[in-house]
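Data first, discussion second: the structure below is written as C-alpha cells.
What follows is the structure, given as C-alpha cells:
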C-alpha cells in the first residue's frame, strides 16, 4: 500500500487554509480540534502519532457565533481558531477592488492560455462597477476567465456579466 501525505503533512512547516470551516461536521471538528491542540496527526490505518508544524488559517461564510448557539459548531474549536479575525466584506461593498481584481484575472488567464492580455475599456469597467456581484469574487473571476477565452479583441468593451 502506497502512502500519500495528508493535508497537514503536505503543509509541514507552512500554512494550511481550511476553507468553509463552518461546514465541517461535528465529528470532524473534534478531530481538527485534537490536531490543533496536540499538534500531531494519526494517519489512516496507523496508531502512531506524527508531529506536525503547520499554521492554520480558517475561512467561512457561516456566522460561527450563531452556529455555536445552534450547536452546529464547537465553541472550543472556535476559540482555538479565533486568534485574529480578518473580516472581508463582499465585493459589492468593495467596488474599488473591482478594477484591480478584474485586470489581475484577465492577465492571469491570458498568460495561462498563451494569449495577449485583455484590457477593460472604460465602458466595460463602468458596467463591472455597477454590477451587484451576488457571487462575489468567484463570480468576477468566472466572468474574466470567460472573456479571456472568448474575446477576439485585446480591449474588452462589453463584459459578459452586465
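Numbering (the UniProt record's numbering), first residue to last: 1 to 162.
All C-beta atoms, glycine included, are put in the ideal place defined by N, C-alpha and C.
Give the C-beta separation of residue i and residue j to the nearest angstrom, bearing in mind that I take them to be a contact with Cβ-Cβ under 8 angstroms.
i           : j           : result
residue 41  : residue 52  : 6 angstroms
residue 22  : residue 62  : 3 angstroms
residue 103 : residue 128 : Wrong, their Cβ atoms sit about 10 angstroms apart, outside the cutoff.
Please state if the CB of residue j and the CB of residue i are separated by a distance shorter than 9 angstroms.
i           : j           : result
residue 64  : residue 78  : yes
residue 8   : residue 35  : yes
residue 98  : residue 91  : yes
residue 74  : residue 26  : yes
residue 105 : residue 140 : yes
residue 57  : residue 15  : yes
residue 135 : residue 146 : no
By a C-beta neighbour count over all protein chains shown, 10 Å radius and 16 as the cutoff for buried, is residue i buried or exposed?
i           : result
residue 59  : exposed
residue 110 : buried
residue 95  : exposed
residue 213 : Nothing can be reported for residue 213, as the shown portion of the chain is limited to 1 through 162.
residue 113 : exposed
residue 162 : With a pLDDT of 43 at residue 162, under the threshold of 50, the predicted position of this residue should be treated as unreliable, and no value is reported.
residue 24  : buried
residue 32  : buried
residue 5   : exposed
residue 124 : buried
Let me check one thing: in DSSP terms, what residues is residue i bridge-paired to?
i          : result
residue 41 : 50
Taking only heavy atoms of the ligand COA into account, decide whether any of them is closer than 8 angstroms to the Cβ of residue i.
i           : result
residue 142 : The model depicted lacks the ligand COA and carries no ligand whatsoever.
Alpha helix (DSSP H) runs wholly inside the UniProt domain "Sigma-54 factor interaction" (1-142), at least 4 long, in chain order: 7-10, 26-38, 64-69, 75-81, 98-113, 122-130
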